[in-house]
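Visitor:
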Amino acid sequence: MEFTEAYKQSGPCCFSPNAQFLAVAVDYRLVIRDVLSLKVVQLFSCLDKISYIEWAQDSEYILCGLYKKPMIQAWSLTQPEWTCKIDDGPAGIAYARWSPDSRHILTTSDFQLRLTVWSLVNTACIHVQWPKHASRGVSFTKDGKFAAICTRRDCKDYVNLLSCHTWEIMGVFAVDTFDLADIEWSPDDSAIVIWDSSLEYKVLIYSPDGRCLSKYQAYESGLGVKSVSWSPCGQFLAVGSYDQMLRVLNHLTWKVFAEFIHLNTVRVPCCATAFKEVDEPLQLDMSELCLGDDFMQGNSGLMSWSNDSQYICTRNDSMPTVLWIWDMHHLELATILVQKDPIRAAAWDPTCTRLVLCTGSSHLYMWTPSGAYCMNVPLPQFTITDLKWNSDGSCLLLKDKELFCCAAIPLLSESSEYSSDD
């Protein structure tokens, strides 16, 4: 594994969808680098510090959220002289996102007064009143033809289906939620999952025409759903809950077919392989591995599927130093990774079964079905606080507090024998 030198950044960094460019925010400047050489190919100056960046799906345009202004600026890589500035006046801008066609920008105003669709082609704009959330509550079909936008009026949640071609509302239906948390289309665009806030356990499956296909409620008392995620194949729906359970529903009957619990202590016999980070090699007694629950860190449930849908990794927030990897083929715990420090981020290789994670240290940790490995970043005082894969799996972005570097990742077939000295 080869690491580049460190470069400056001030927050948002992301690869382009076509895997050719890396966009980096440095205060009010947007720096576009070539992924292979990391040479600067474009430099854009914004009117204020950049809070958020997002590439258009075609990798030709990129938007910058200047939420302190508040306004949006968009830039073109192929036409550097082209500029776009979106200012919604007194309504403000709380969030912005691209449409799938890369020619429209959707913004949500402060206090969720309205969602506006801005055209880059003819400067037209369309409004949707009372969006439910600023950054959540909007989902596009994978084919890019339709958008589902959640709204709330008269103390009731609704889903609005819009055509991404004309931006006309194709249908509106009410949903049976107390306080809708989020929405997501299935990978095959045949169903929509909606889940309630943490105050009420409720997961709802709807057809695009508004029919409720299934309603799932694991229990009634206590905090409910923490996170929901479709598997890439679309056959499984994972639901993480506040009762420290991971439940998986199948797409045929929408019934739970697997339940995984995050225990404080894992005892033999257990089929799972356990890897524990230690300062010095020593003889460990793994017959009873106590994972502990004395450290609480937020309530953002970490849950992520491998690209082939065979594995799903989870972090129980009451045990933030432990990463659990579950095998969906055998419906069992495959691996436990016990780190010294809380896990900051974990991400699957988009092209193969390989997982990387970081803990705010100078080490990069990696897991494959053949084992777990640890690599040291050869940069002075560089600690990894976040990481992201390039879409082709060839490169990994590693972020420090004010710096970033990239790591060239060999193909998995060539890297099956990692060692801590690599």
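Counting from 2, one number per residue, gives the positions in the sequence shown under the numbering used here. Each residue gets a CB set at the ideal place from its N, CA and C atoms; glycine is no exception.
Quick one, which of Thr124, Leu181, Cys156, Met171 has its alpha-carbon nearest Gly138's?
Guide: Comparing Cα positions, the closest option is Leu181.
Visitor: Where does Asp111 fall in DSSP's three states?
Guide: DSSP places Asp111 in helix when its eight states are reduced to three.
Visitor: Between Tyr8 and His364, what straight-line distance do the alpha-carbon atoms span, to the nearest angstrom?
Guide: Their backbone Cα atoms lie some 18 Å apart in a straight line.
Visitor: What number of angstroms, rounded off, separates the C-alpha of Ser38 from the C-alpha of Ser120?
Guide: Their backbone Cα atoms lie some 34 Å apart in a straight line.
Visitor: Can you tell me where the beta strand (DSSP E) with Phe276 in it begins and where it stops?
Guide: That run of the beta strand (DSSP E) goes 274 to 277.
Visitor: Counting pairs of beta carbons, one from the region 179 to 197 and one from the region 133 to 147, are three or more of them closer than 8 Å?
Guide: The region 179 to 197 vs the region 133 to 147: in contact.
Visitor: Please report the residue range of the beta strand (DSSP E) in which Val36 lies.
Guide: Neither: Val36 is in no beta strand (DSSP E) and is coded neither H nor E.
Visitor: By how many angstroms is the C-alpha of Ile106 removed from the C-alpha of Trp99?
Guide: The straight-line gap from Cα to Cα measures roughly 5 Å.
Visitor: What separation, rounded to the nearest whole angstrom, lies between the Cα atoms of Lys69 and Asp49?
Guide: Whole-angstrom Cα-Cα distance: 8 Å.
Visitor: Could you name the residues that DSSP lists as bridge partners for Trp186?
Guide: Answer is Ile193, bridged to Trp186.
Visitor: Let me make sure I understand the geometry here. Which of Met376, Gln382, Leu388 has the alpha-carbon closest to that of Glu3?
Guide: The shortest Cα separation from Glu3 among Met376, Gln382, Leu388 belongs to Met376.
Visitor: What are the boundary residues of the beta strand (DSSP E) that Gln43 is part of?
Guide: Its beta strand (DSSP E) spans residues 41 to 46.
Visitor: Thinking just about the alpha-carbon of each residue, which of Ala20, Val240, Cys272 is nearest to the one in Phe258?
Guide: Phe258 has its Cα closest to that of Val240, out of Ala20, Val240, Cys272.
Visitor: Does the beta-carbon of Ala317 have 16 or more other beta-carbons within 10 angstroms, so that it is buried, or is it exposed?
Guide: Checking the sequence, you will find Asn at residue 317 rather than Ala. Classification for Asn317: buried.
Visitor: For Tyr29 versus Cys47, is the C-beta spacing smaller than 8 Å?
Guide: Yes, Cβ-Cβ distance for Tyr29 and Cys47 is below 8 Å.
Visitor: Quick one: Cα of Leu412 to Cα of Ser395, how far?
Guide: Between Leu412 and Ser395, the C-alpha separation is close to 8 Å.
Visitor: Using alpha carbons as the reference points, say which of Val122, Cys15, Cys151 lies closest to Thr109.
Guide: It is Cys151 whose Cα lies nearest to the Cα of Thr109.
Visitor: According to DSSP, is Gly372 helix, strand or coil?
Guide: It is a strand residue.
Visitor: Let's test the definition: count the other Cβ atoms within 10 Å of the Cβ of Asn123 and tell me whether it reaches 16, buried, or not, exposed.
Guide: Asn123 comes out exposed.
Visitor: Rounded to whole angstroms, what is the Cα-Cα separation between Tyr243 and Tyr159?
Guide: So the alpha carbons of these two residues sit roughly 26 Å apart.
Visitor: Kindly give me the distance between the Cβ atoms of Ser198 and Phe174, rounded to whole angstroms, as I take these residues to be in contact under 8 Å.
Guide: About 19 Å separates the two Cβ atoms, so there is no contact after all.
Visitor: Determine the direct distance from the alpha carbon of Val323 to that of Lys1, and round the result to whole angstroms.
Guide: The chain is shown only over 2 to 423; residue 1 falls outside these bounds and no answer can be derived.
Visitor: Of all the options Leu116, Leu358, Lys341, which has the alpha carbon lying nearest to the alpha carbon of Asp280?
Guide: Residue Lys341 is the option with its Cα nearest to Asp280.
Visitor: Does the distance from the CB of Val249 to the CB of Val226 come in under 8 Å?
Guide: For Val249 and Val226, no; Cβs fall outside 8 Å.
Visitor: Ile51 and Cys65 look like a contact to me (Cβ under 8 Å); what is the Cβ gap, rounded to whole Å?
Guide: With 8 Å as the limit, Ile51 and Cys65 qualify as a contact, their Cβ atoms being about 5 Å apart.
Visitor: Near Gly12, which residues of its chain fall below 8 Å by C-beta distance, leaving aside the five closest residues on each side in sequence?
Guide: Only Ala26, Ile51, Ser52 meet the Cβ criterion.
Visitor: Using the three-state DSSP reduction, which class does Ala57 fall into: helix, strand or coil?
Guide: The answer is coil: DSSP assigns Ala57 none of H, G, I, E or B.
Visitor: Please name the residue, chosen from Ile94, Ser215, Asn265, that lies closest to Gln113 on a Cα-to-Cα basis.
Guide: Closest option to Gln113, Cα to Cα, is Ile94.
Visitor: Jot down the residue ranges of each uninterrupted beta strand (DSSP E) in the region 294 to 366, minimum 3 residues, whole runs only, in chain order.
Guide: Those beta strand (DSSP E) runs which fall completely within the region 294 to 366 and span 3+ residues are 303 to 306, 312 to 316, 323 to 328, 333 to 339, 346 to 349, 356 to 359.
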